[in-house]
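Step one of this worksheet: look at the structure below.
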Amino acid sequence: MAIAPPPSNGGKKQFNKNQIQKRNRVLSARNIRTEAVIASAKANKKDGSNDLSEGGTMLNVGQFISSRQFEIKELQLAMHRSKVSGSTRVFQDLPRRLRRRTASHNVKRIPKRMRNRALREMMKNDQEKTILKTSSSRHGLTAKALYKAKMSVKLLRLASTSTSMKLALPPKVNASANGVRQKIRTLQALIKKSRAPCSRVKKLNNSMGSYDNITTNKLAQVPHGRQKYMKRQHVFAWLPTHIWNAKRSHMMKRWGYQIPYSATQKCFKMTHRIGGNVSTSDGTLCMDSSFMGTIVVRATDAKTEKLRDLIAKITSNRAIAPKYYNSNKVFSGLFTDPLTMLVLGPGEIIWCNHNLLLLRVHPAMFQKVFEILAVREFGFKVEDSRFAIGSITINGAESLSSLTSIIRSSTKSESFEQLKLISNVTDQNILPKDMSFSFKAIDPRHFGAPKKVKQNPKEVTIDKIMELQANTPKNEICETLEALCSTRERTTSYKNQQTMKQIHKRRRDMTKKGEHVSKNAIIPFDEKKDPEIPIYIYKRESTNDWVILMPWFWHLPFWYQLNKIPRKYNIGLRQFQQLQFEHKKLYFPDDYPFTETGFHENSYYKEEVNQYSCRASRLRRRFKSLGDLHKTKIPACKYEFGCHSSCDWRALQILRNGLLFLTKGNKKLILIDAKKTSDFVSDDPFDISNYSEPERKIESLNDLVEYTNDFQYEEGVPISRVPVELVDSHLVKEKVIRTQSDLVKQPLKVTAVTCKSVERGHIKDNARIYEIPKDQLSYWKQKAKGVYSSNGKLLHDEETPLPEVYNLIGFVTSGTYDLGVGSSTGTGFVDHGFYKHTDSTHVLVRNVQTCKYRLATIEKIII
Amino acid sequence: MVRLKSRYVLFEITYPSQTLTNNDCKQNLLLLKHKSSPKQINSKIIMQEIRRSLQLYLGDYGYGKVNSLLQLKYFSNNTSTGILRCHREDIDLLLTALFYINKLGDNTNNNYIGKLVINPIKISGTIKKMEQFIIKRNDRLLKNININQKQNDTNDFNDLNWANDETE
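Read top to bottom, the protein sequences are chains A and B.
Residue numbers for the first sequence, in the numbering used here: 1344 to 2206.
Residue numbers for the second sequence, in the numbering used here: 341 to 508.
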């Protein structure tokens, strides 16, 4: 029997009907349509002079333009078609940041305008749908009641089912004998009664549940939020935008808040582009910065001078300069503890008037600052307004235009007019320094959609911008600022705060009445009813961004409106840090090792975090296989000097101070003392009565390293609280290391620097900075010029001479690739003594857990 | 599996006039160089001519190599621009072939058009970027025309030197 040969298809794969259809669709989508040849009178000429120029000199502009416009349109269409042709579901058209998980079967994950189509597509594919119930079948209990009911059912069930619980009770005790039912009944009656209006309970003045939450002279309570989510906010408070951010950012639980750490979407390049340089920036970066602690300090007239003195002490006389004290500019600078003279960290001060000021500090140092201010002897009224005043930080060229498209003043306001004038200015560097605006705004939800302010670009001249500063409406700004700081005014601003439902109803009524009113029109401000929100907007020179302060419960409306603006992106702390890094600015607390908070962050927090992340065995490096890290092997320093997963400032302090101690009086530095028999000083080993902890004898470098190892975990030794101290360029006192105990008592003076790799090398966090040993100078000088192999290629990874342990001069606190510079850079601190005997700008940088030294240039940062 | 990588070439057909004076060059560059192509020119003719040029100047090797993936993705007579696609490695050969072309069609079919130059403007790895480039280029041209019209209110395009700034 002959077998029929398979149908010949010429070696090509055969497609089924569906595949052919799809193929055709894709092919036709890729086709770019062309315009028909223009059939003018001259088109039929034989010589082919069917051109756009008649007679060779004139251009037929109409045709010329139309054909090019046609081309543009067709190309755009072709691009769109080829993108869409492959997709079968509507959400595939969405940009990445609008896509949501489970959008394929859950309609609620798709924007409303696309839902109908999505449903149709689901029907077509017979797909399983997750459609949430509509509001008609909602249960009759409120969230609170439901929570309580559920909880009581759970408890009852537990009590009735668990035998151990029953057995724990005495035998005669049971439900009927104790009248449990009666008790429940009375309880229920109590609950019912409590619902009735009571004279003692203060009713809120709005239906949104907004209230002002402050305490005077003691720390405020965490706002409790919705009943259902109360338990999650006990320790770490939620920011106003928590629910919004939790969906779009990685959250971080620190400093008593849940803070958006970084946007879920990749955004390293985007942050650089929009937040960095003006010319590349075409959008806005927004961050909810409500976690910054706000304190309002009030003094009576009698204590005005006292307040001034205290602030002078805290800010080393800087914040009382007339610019801040009289002209109400925002001061931002370092805060110092007036008792210990230790630097606390950066903060901002705004003087509303001489008796009232507003402070903003990082939450890590909030408590400390609050305690300093709230000392009873001063007699100030110190209000913890952490949960009463919220803030948004915005950045980028479009920040002012997006801000003005959601904000309108309630009445005619000079300050708002000023803001409007510069609303289209993209380069904030041309504006006067420390600009601020303050006025009473209307509820931003009155906007259907954000509306840009119409401003003629020709109106903004340099003269007008110069006038801005001279014509600042100081009275208005001060008045609104005072309103923002006062509890009563903030509470008034919540009066008649409307729900979304009420606002929608107003808009509906408005559009019904006026035929020509569009759906997105602004709901006009009603003076009698509508709330007025005091807001304060100021520019920060150090970070090159704008901050908007507003009452806590008005934060969310502004935030939602801001998010309707195109090219607005969400950022978190990590991106904020990146921007600081790219601007060569220090970021608190990571880059502030000379403060207690920063030191803790550097030494303990990072160590913990890094050790935890290194637990995976594949990430754990074996130090033994690394090779030599230093030229001379010091027995006490097996691998890395100090802690290998953090910046060990204590070790650096002991090392650098110890070097001074060992070379005191031009003594020669001994690396290892081979003859030594004992590590400790002991006068009389048999004298038990005089027994104390043996003191280490420090005579060589090896002893010094041993000594640093002692200090890894030792407590109770009199040491300086912070091992390093920022050098004050004006008064550098010569530090004297006389005794051995001075090694840990004398803080090391350090200078902030940025390093930049000369050639290859990726500087990472915690990298070590070494000075170039004198005997290797010529080699590294050559290296800076480039070492070439015989075939003319630049050598990158050849063997380099190694420095000694004692060449270590500092650490890199944050380092990564800087897109602005185009190479790897790092921010760090080096021993100030390094600058004393060298003018060199070159150093060696080595990452932890590697043994490769890379040449880098350093530059001082002025804080 | 390795993806097939291709290159896209944006070209325009220009018809330089025979008698170019210095003055012409400065003033009417746009007018003299850019004309819409006659309707005899179509994608088939262009492809034929490229293949002929390949065969003639690069031999069987060039013809066979380039022709394996050669496609004309787009050609518009009104704007005289088009997009060609070829294999990534053959781009140099294709450009060489384009360089030698100075006529299209032949007399036997009555569609001969001579004295033209095929000018490759841009090479790109994806068609999307190419399309974006053409849009940008056209946009700039239209903007220039608008500006000129506002300034002079005539059709005299003295300042139009757009064609040179992106041609390399």
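Yeah, the Cβ is synthetic: ideal placement off N, Cα and C, and Gly gets one too.
Provide the residue(s) that pair with residue i in DSSP beta bridges, ordered along the chain.
i, result
"A/Trp1694", "A/Leu1700"
"B/Arg347", "B/Cys426"
"A/Glu1884", "DSSP, once it has assigned bridges, lists no residue as partnering A/Glu1884."
"A/His1337", "Coverage of chain A is limited to positions 1344 through 2206, which leaves residue 1337 of chain A absent and any answer about it impossible."
"A/Met1893", "A/Gly1733"
"A/Lys2209", "No information on residue 2209 of chain A is available, as it lies outside the stretch 1344 to 2206 that chain A covers here."
"A/Trp1587", "None, per the DSSP bridge assignment."
"A/Cys2098", "A/Gly2169, A/Ile2201"
"A/Tyr2160", "A/Ser2167"
Since residue i contacts residue j with CB under 8 Å, what's their CB separation in whole angstroms?
i, j, result
"A/Ser1781", "A/Leu1824", "5 Å"
"A/Ile2112", "A/Leu2044", "In fact, because the Cβ distance is near 19 Å, the residues do not count as touching under 8 Å."
"A/Pro1681", "A/Ile1715", "7 Å"
"A/Ala1994", "A/Gly2008", "About 25 Å separates the two Cβ atoms, so there is no contact after all."
"B/Thr436", "B/Leu350", "The pair is not a contact, with the Cβ atoms about 17 Å apart (cut-off 8 Å)."
"A/Leu2187", "A/Pro2146", "6 Å"
"A/Phe1723", "A/Lys1646", "7 Å"
"A/Ile1808", "A/Ser1836", "Not really, about 31 Å apart at Cβ, beyond 8 Å."
"A/Ala1979", "A/Val2048", "4 Å"
"A/Ile2152", "A/Asp2174", "5 Å"
"A/Ser2167", "A/Ser2100", "4 Å"
"A/Phe1579", "A/Lys1596", "5 Å"
"A/Thr1940", "A/Ala1707", "4 Å"
"A/Val2070", "A/Val2093", "6 Å"
Do residue i and residue j have their C-beta atoms within less than 9 Å of each other?
i, j, result
"A/Trp1895", "A/Ser1553", "yes"
"A/Arg1910", "A/Glu1741", "yes"
"A/Leu1892", "A/Ile1914", "no"
"A/Gly1688", "A/Thr1938", "yes"
"A/Arg1440", "A/Gln1564", "no"
"B/Leu438", "B/Leu410", "no"
"A/Val1686", "A/Gly1636", "no"
"A/Leu2005", "A/Glu1951", "no"
"A/Leu2002", "A/Tyr2149", "yes"
"A/Ile2201", "A/His2185", "yes"
"A/Lys1472", "A/His1448", "yes"
"A/Asp1631", "A/Ser1734", "yes"
"A/Thr1584", "A/Ser1633", "yes"
"B/Ile441", "B/Ile461", "no"
"A/Leu1774", "A/Gln1798", "no"
"A/Glu1884", "A/Lys2019", "no"
"A/Thr1747", "A/Ser1766", "yes"
"A/Val1673", "A/Ile1693", "yes"
"A/Thr1445", "B/Asn418", "no"
Using the C-alpha atoms, what's the distance from residue j back to residue i?
i, j, result
"B/Met387", "B/Leu424", "9 Å"
"A/Leu1684", "A/Phe1678", "Reading off the sequence shown, one finds Met at residue 1684 of chain A, where the question assumed Leu. So the two alpha carbons sit approximately 10 Å from each other."
"A/Phe1759", "A/Lys1795", "14 Å"
"A/Arg1411", "B/Tyr452", "26 Å"
"A/Gln1918", "A/Cys1610", "8 Å"
"A/Asn2052", "A/Tyr1982", "12 Å"
"A/Val2191", "A/Lys1838", "57 Å"
"A/Phe2126", "A/Ile2106", "According to the sequence shown, residue 2126 of chain A is Lys rather than Phe. Straight-line Cα distance between these residues: approximately 18 Å."
"A/Glu1397", "B/Gln380", "At A/Glu1397 the pLDDT is 44, less than 50, meaning the model places this residue with poor confidence; the figure from the coordinates comes in the next sentence. Taking the straight line joining both Cα atoms gives about 19 Å."
"A/Val1704", "A/Ile1732", "13 Å"
"A/Arg2197", "A/Glu2114", "11 Å"
"A/Asn1459", "A/His1859", "28 Å"
"A/Asp2161", "A/Gly2169", "9 Å"
"B/Asn488", "A/His1789", "44 Å"
"A/Val2164", "A/Gly1626", "21 Å"
Can you pull the chain C neighbours of residue i, defined as C-beta to C-beta under 7 Å?
i, result
"A/Gln1435", "This model lacks chain C altogether, as its protein chains are A and B."
_Cβ contact check for the segment 1603 to 1618 of chain A and the segment 1729 to 1740 of chain A: 3 or more pairs under 8 Å_ = A contact is defined here as three or more CB-CB pairs under 8 Å, and the segment 1603 to 1618 of chain A meets this definition with respect to the segment 1729 to 1740 of chain A.
*So, do the segment 1851 to 1866 of chain A and the segment 1915 to 1924 of chain A have three or more beta carbon pairs nearer to each other than 8 Å?*
Output reads no: the segment 1915 to 1924 of chain A does not touch the segment 1851 to 1866 of chain A.
*asked:* Quick check: the segment 1353 to 1369 of chain A against the segment 389 to 396 of chain B, are at least 3 beta-carbon pairs closer than 8 Å?
replied: In short, these stretches do not touch, since the Cβ pair count stays below three.
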